[in-house]
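Colleague: Structure below; questions to follow.
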Ligand code: IYR
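Residue numbers (my numbering): 8 to 230.
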């Protein structure tokens, strides 16, 4: 068992005056991220997606087992299969399974079972969690799998936004159909989220409801 450690050579310290400027600039940049539901079919180079996945793969995670796998889908055929299956599930959701309260909560977003963006957008990224990892010593358990995948997904969304792309987190429920479409192993992996990625269409809009973020006083307590 190796306990090798390295000196921390890549930490960057900024003067305190610069830290606030940087924090403000980051907030200004990230508050321009909006979930997009109307995508352009304009192509996005694979290399950009790959760089963003590399960024996601640096996320903090349980015991550094990195319990995730990303499937980036550009194939029109696979996207069409995903659309077909997701829409079937969403129809069940909107036609009853959701229940009245949930449907009421979604009204201001104007969503429905039509998921044409699953075919229009150039990329879909399916994120899978892994229960166990393969290691030289054999199989090992993974820890904090959902927390880890959630942080990695957050990093990925941030990276795609920073690269200049629009995204939508899409979670058709249940999402198990993604396992087969993405040719993943159902014993060890579970679909966690589907990200829709591309340029926003010229006519893309943001629902007014989505713009209102809770004020600091409401989301922060200082003790
Ligand atoms: N998955 C459905 C419903 C949906 C649920 C929530 I919570 C949202 O914030 C948005 C949509 C859909 O994609 O339409």
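Heads up, the beta-carbon is just placed ideally off N, CA and C, and yes, glycines get one too.
These figures come from a predicted structure and were not determined experimentally.
Suppose only complete runs of 4+ residues qualify. What are the alpha helix (DSSP H) ranges in the region 153-221, listed by chain order?
Modeller: Qualifying alpha helix (DSSP H) stretches, in chain order: 184-188, 215-218.
Colleague: In this structure, does DSSP put residue 38 in helix, strand or coil?
Modeller: coil
Colleague: Quick check: does the Cβ of residue 97 come within less than 7 Å of any heavy atom belonging to ligand 1?
Modeller: yes
Colleague: Given residue 49, which residues of its chain have a CB within under 6 Å of its CB, disregarding the five upstream and five downstream residues?
Modeller: 206
Colleague: Suppose you measure from the CA of residue 188 to the CA of residue 166; what does that come to, to the nearest Å?
Modeller: 25 Å
Colleague: Does any heavy atom of ligand 1 sit closer than 7 Å to the C-beta of residue 184?
Modeller: no
Colleague: Could you have a look at residue 78 and say whether DSSP puts it in helix, strand or coil?
Modeller: strand
Colleague: Assign residue 234 to buried or exposed, taking buried as 16 or more other Cβ atoms, counted over all protein chains shown, within 10 Å of its Cβ.
Modeller: With the chain covering 8 to 230 only, the question about residue 234 has no answer from this structure.
Colleague: What does DSSP give as the partner residue(s) for residue 131 in the beta ladder?
Modeller: 80, 203
Colleague: Of the residues 219, 138, 89, 150, which one's Cα is nearest the Cα of residue 128?
Modeller: 89
Colleague: Starting from residue 50 and walking both ways along the alpha helix (DSSP H), at which residues does that stretch end?
Modeller: Segment: none, residue 50 is in no alpha helix (DSSP H) and carries neither H nor E.
Colleague: State the DSSP-derived secondary structure class of residue 145, mapped to helix, strand or coil.
Modeller: Three-state DSSP puts residue 145 in a strand.
Colleague: Whose CA, out of 223, 126, 69, 83, lies closest to the CA of residue 147?
Modeller: 69
Colleague: For residue 41 and residue 145, I'd like the C-alpha separation in whole angstroms.
Modeller: 42 Å
Colleague: Taking the C-alpha atoms as reference points, what is the distance between residue 108 and residue 114?
Modeller: In a straight line, the C-alpha of residue 108 is about 10 Å away from that of residue 114.
Colleague: Using a Cβ-Cβ cutoff of less than 6 Å, which residues in the same chain neighbour residue 185 once the five nearest sequence positions on both sides are dropped?
Modeller: 133, 198
Colleague: Secondary structure at residue 137, three-state DSSP: helix, strand or coil?
Modeller: Strand.
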